[in-house]
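Numbering (UniProt numbering), first residue to last: 1 to 302. Every residue, glycine too, gets a C-beta built ideally from N, C-alpha and C.
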Ligand code: OGA
Ligand code: MN
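Written out as structure tokens, the structure is:
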């Protein structure tokens, strides 16, 4: 019998990472991202993101947009969102998520994520992850739900898993934007032909393997996945509906209740999320950066 080897922990003990009970989520306490962060500490955060999908960093009230952007860039190149009306002035890397109306105009995307989705799954290179910084948070409303699609995949019968590994699905933004416009009206602008041309539908594997952990997960969402390429329409619709319903069971979900100084980082490669929304008479504003990811890889099938 060999004793467990203790590798010396060279990273700072200045902050603590606590797992949130359940299949996903971790909370970081005692970290101030407005201060320089040594690489070893950054790697701790990145590893936690890969392992737990959602990392809630508490107490980031002092973080400026510049610092938010600089920290986000450590994960990879940042995306500039197609909804350019809602970029933060002077900082196109930040998408304003807000229901606030100023001078008759919405200052942000009011209905961001009011359907289950993984950010930018409709791109050829979908997002690695997003970092959402609370700016103005109402009490007791506006929770965000996160579902683990890795846990959802693991809970499927092996035969279903094997079948899903052979399938690919189409993801698209334009159709969703139109559907959402019908619900939200003029708060959500339509896309110009030029914008629409930038987001043609793309095909991704239904099961993707996480590039850092090797863990497989579903990669579909009600928001952006329109069909399974290999199946006839009816069968595709039925299978997607079944998988969507399976994925959003309570046992796969973490409900985030926002605190005013939270920065929440999530991994878009292994899960989906949903904004539960707020009543129109309360103000809610958050700033989002979105990190570009790699091309989703399926499980090699022999
Ligand atoms: C997003 C998003 C959810 C929320 O910004 O990508 O889905 O609760 N937001 O604001
Ligand atoms: Mn989102």
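Through-space distance from residue j to residue i, alpha-carbon basis
i: residue 173; j: residue 199; result: 7 Å
i: residue 31; j: residue 66; result: 17 Å
i: residue 273; j: residue 24; result: 12 Å
i: residue 18; j: residue 260; result: 20 Å
i: residue 229; j: residue 122; result: 15 Å
i: residue 70; j: residue 36; result: 10 Å
i: residue 239; j: residue 34; result: 46 Å
i: residue 287; j: residue 109; result: 10 Å
i: residue 135; j: residue 148; result: 26 Å
i: residue 105; j: residue 187; result: 8 Å
i: residue 151; j: residue 52; result: 11 Å
i: residue 221; j: residue 54; result: 17 Å
The ligand MN heavy atom lying under 6 Å from the CB of residue i
i: residue 113; result: yes
i: residue 119; result: yes
As assigned by DSSP and simplified to three states, the class of residue i
i: residue 222; result: coil
i: residue 153; result: helix
i: residue 40; result: helix
i: residue 65; result: helix
i: residue 170; result: strand
i: residue 45; result: helix
i: residue 143; result: coil
i: residue 183; result: helix
i: residue 8; result: With a pLDDT of 43 at residue 8, under the threshold of 50, the predicted position of this residue should be treated as unreliable, and no value is reported.
i: residue 198; result: helix
Given residue i as reference, the closest of the options once Cα atoms are compared
i: residue 118; options: 223, 157, 185 and 18; result: 223
i: residue 217; options: 33, 299 and 91; result: 299
i: residue 137; options: 148, 100 and 250; result: 100
i: residue 196; options: 39, 70, 76 and 84; result: 84
i: residue 162; options: 208, 175 and 202; result: 208
i: residue 141; options: 16, 255, 263 and 291; result: 255
i: residue 297; options: 249, 91 and 204; result: 204
i: residue 331; options: 175, 79, 191 and 29; result: The structure shown does not extend to residue 331, since the chain is modelled only from 1 through 302, so no value can be given for it.
i: residue 124; options: 269, 226, 202 and 285; result: 202
i: residue 107; options: 116, 95 and 113; result: 95
i: residue 192; options: 252, 73, 82 and 54; result: 82
i: residue 289; options: 245, 157 and 72; result: 72
i: residue 304; options: 98, 46, 89 and 250; result: With the chain running from 1 to 302 in the structure shown, residue 304 is simply not present.
i: residue 113; options: 276, 284 and 291; result: 276
Any non-hydrogen atom of the ligand OGA within 6 Å of residue i CB
i: residue 262; result: no
i: residue 288; result: yes
i: residue 275; result: yes
i: residue 54; result: no
i: residue 97; result: yes
i: residue 144; result: yes
Residue i: CB within 6 Å of a non-hydrogen atom of the ligand MG
i: residue 40; result: Annotation note on the ligand MG: not contained in the displayed structure, which lists the ligand OGA and the ligand MN as its ligands.
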